[in-house]
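For the protein sequence lines, the chains are A and B, in the order given. According to this note's numbering, the first sequence is numbered sequentially starting from 7. According to this note's numbering, the second sequence is numbered sequentially starting from 0. Don't be surprised by glycine CBs; every beta carbon is placed ideally from N, CA and C. Below is one structure, written out as structure tokens; the observations come after it.
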Amino acid sequence: MKPTAESVAKATEGNRSFSRQVPGLQLAVDSTSLGTFKECPRKYYLRHIRGVVPKDTSVHLVFGLLLHQGCEVYDHARAKGADHRKALLACVRWGLKATWANGKPVSWNHPEKNRLSLIRALVWHLNKFNPDPCETVLLANGQPAVELSFTMSTGLKHGGEDLVLCGHLDKIVSLGGFKFIKDIKTTSGALNPWFFDRFNPDNQMSLYDVAGSVVLEEPISGVIVDAIQIGAGFVRSERGLVPRSAEQRQEWLEELGFWLRSMSQAAQELEWPMNDKSCHNYGGCPYRGICSKSPGLRETEISQRYFQETWDPLVRRGQGPEQVPGPSPSLSTST
Amino acid sequence: MTEAAPGVDNSKVLAEASPSSLDELFSRDPEELTEQELGKIVDELIAQSARFASAEAAKVKPPRKAGPQAALGLGLKDLGL
């Protein structure tokens, strides 16, 4: 279990986001890997360096991903000139096909998150916000600003190698003349006025906010979150604003330096300790089954209950710009 | 935590539109569905959504029960707190 330079180099050899000079040093950091490191370095080591994933992948993750993709299908259809109904039909057809395998509907064995509730969520949500006051921004190439992959410099280096932020933005929209990043969140819990409080502060939203300004090359006003509650036989959608001030943005960037240096230090020392105060958050860490075992038994646990999947945030999605030039002046954080 | 819509019997709201027609369409290979059949799915789901919204709008919130403080006619100030 104790990582060595050789084992870490081998684990990340096919992953372009990692350094070839310092084993275990992630040079291209997205909100997921940064968030995991902040939560627990050991969890980060297992998921992002070792590529260890629980076999019983959460239905919630799959459902959320499909919902994002379905909305993207709708947005692309609208951008190509389809009216609301035609875009809904395209979205529903996509959703039905995405949940059909081996000649039958895919089953997730979940009472609320299933094929019908996915299609219902797409139709109810997209229909509720039609016409949508948030207009999708069109990029210079005419493509809708949807599922944009970005890479941008942080201005930080480690041993001559640049440390960059990267990731994927759901959508950039214009509302009342202001530009916002738009993101979708699904939940089984109630949508109350406090639901949106969880996004301020929030690692992912802060990174999106910073990235949006760079992608657009103009200031953005924050993030708009479309929250979709998936209930037993119903769907509720609410829209909330997650603002960020220029001072908050600067503060996040300054503290990003601390976290990136911590990631570098962990790689140099080949040490990713457990944060045993976060094992029970969010319904329990999916790696608790490993960490709860005596060190000598952990590899057996991994081989039996987990599989390998590389997390490479440099794999691009959609048809976003090839590369966002950087560094932005606002990202000139010193080491 | 999951939640049923408070004050709304979802099974009734959706009963009219959880019909065998939707089940039948969902059980078929999506490649074979016509635009008209997809339209039927969309129409059914939009109708469900409208019924759900109406039911939620119509539900009447029961008046809040008076808490012990009100019942006793005491407030924190009365207790010197």
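- Under the DSSP assignment, residue 312 (chain A) falls outside any alpha helix (DSSP H), being part of the beta strand (DSSP E) whose first and last residues are 312-314.
- With its beta carbon less than 8 Å from one in chain A, residue 34 (chain B) belongs to the interface.
- In this chain, the beta strand (DSSP E) harbouring residue 172 (chain A) covers 167-181.
- Contiguous beta strand (DSSP E) elements confined to the stretch 26-82 of chain A occur at 58-60, taking only those with 3 or more residues.
- Around the beta-carbon of residue 200 (chain A), fewer than 16 other beta-carbon atoms lie within 10 Å, marking it exposed.
- Of A:116, A:123, A:318, A:52, the smallest CA-CA separation from residue 64 (chain A) is found for A:116.
- For residue 133 (chain A), the chain B residues whose C-beta falls within less than 7 Å of its own C-beta are 45, 48, listed in chain order.
- Rounded to whole angstroms, residue 40 (chain A) and residue 49 (chain A) show a C-alpha spacing of 11 Å.
- For residue 229 (chain A) against residue 190 (chain A), the beta-carbon gap comes to about 11 Å, at or over 8 Å, which does not count as contact.
- Remark: C-beta atoms of residue 52 (chain A) and residue 293 (chain A) approach each other more closely than 8 Å.
- Listed along chain B are 41, each with a C-beta nearer than 7 Å to that of residue 94 (chain A).
- Annotation for residue 148 (chain A): no residue places its beta carbon closer than 7 Å to its own, counting only its chain and skipping 5 residues before and after.
- The stretch 238-246 of chain A makes contact with the stretch 131-139 of chain A, as at least three CB pairs between them are under 8 Å.
- Around the beta carbon of residue 46 (chain B), fewer than 16 other beta carbons lie within 10 angstroms, which makes this residue exposed.
- For the 8 Å CB-CB criterion, residue 221 (chain A) and residue 255 (chain A) do not form a contact.
- With 16 or more other Cβ atoms from the protein chains shown falling within 10 Å of its own Cβ, residue 32 (chain A) counts as buried.
- Residue 158 (chain A) carries a strand assignment under DSSP once its states are collapsed to helix, strand and coil.
- Contacts with chain A at 8 Å (Cβ-Cβ) do not include residue 53 (chain B).
- By the neighbour-count definition (other C-beta atoms within 10 Å, threshold 16), residue 288 (chain A) is an exposed residue.
- Sequence-distant Cβ neighbours of residue 313 (chain A) in its own chain, meaning closer than 6 Å and more than five residues away, are 59, 61.
- Only residues of its own chain outside the window of five on either side were considered, and among them none has a CB closer than 7 Å to the CB of residue 183 (chain A).
- Taking residue 270 (chain A) as the centre and dropping the five residues before and after it, the same chain places the C-beta of 31, 164 closer than 7 Å to its C-beta, in chain order.
- In this structure, residue 129 (chain A) lies away from residue 82 (chain A), with their beta-carbon atoms at least 8 Å apart.
- Judged by DSSP secondary structure, residue 99 (chain A) falls outside any beta strand (DSSP E) and instead within the alpha helix (DSSP H) spanning 90-104.
- The three-state secondary structure of residue 38 (chain B), taken from DSSP, is helix.
- Around residue 103 (chain A), the beta-carbon contacts reaching into chain B at under 8 Å are 29, 30.
- Interface flag for residue 130 (chain A) against chain B is set, since a Cβ pair is found closer than 8 Å.
- Here residue 79 (chain A) is near residue 96 (chain A), since their CB atoms are less than 8 Å apart.
- Following the DSSP letters along the chain, one finds residue 16 (chain A) inside the alpha helix (DSSP H) bounded by residues 11-17.
- Your pair residue 46 (chain A) and residue 284 (chain A) checks out as a contact, with CB atoms roughly 5 Å apart and the cut at 8 Å.
- The beta carbon of residue 238 (chain A) sits closer than 8 Å to those of 117, 118, all from its chain and outside the five residues before and after it, given in chain order.
- Going by C-alpha positions, residue 286 (chain A) is about 38 Å away from residue 25 (chain B).
- For residue 20 (chain B), there are no C-beta contacts with chain A under 7 Å, since the nearest C-beta of that chain is about 13 Å from it.
- A Cβ-Cβ distance of about 5 Å is found for the pair residue 171 (chain A) and residue 158 (chain A), placing them in contact under the 8 Å criterion.
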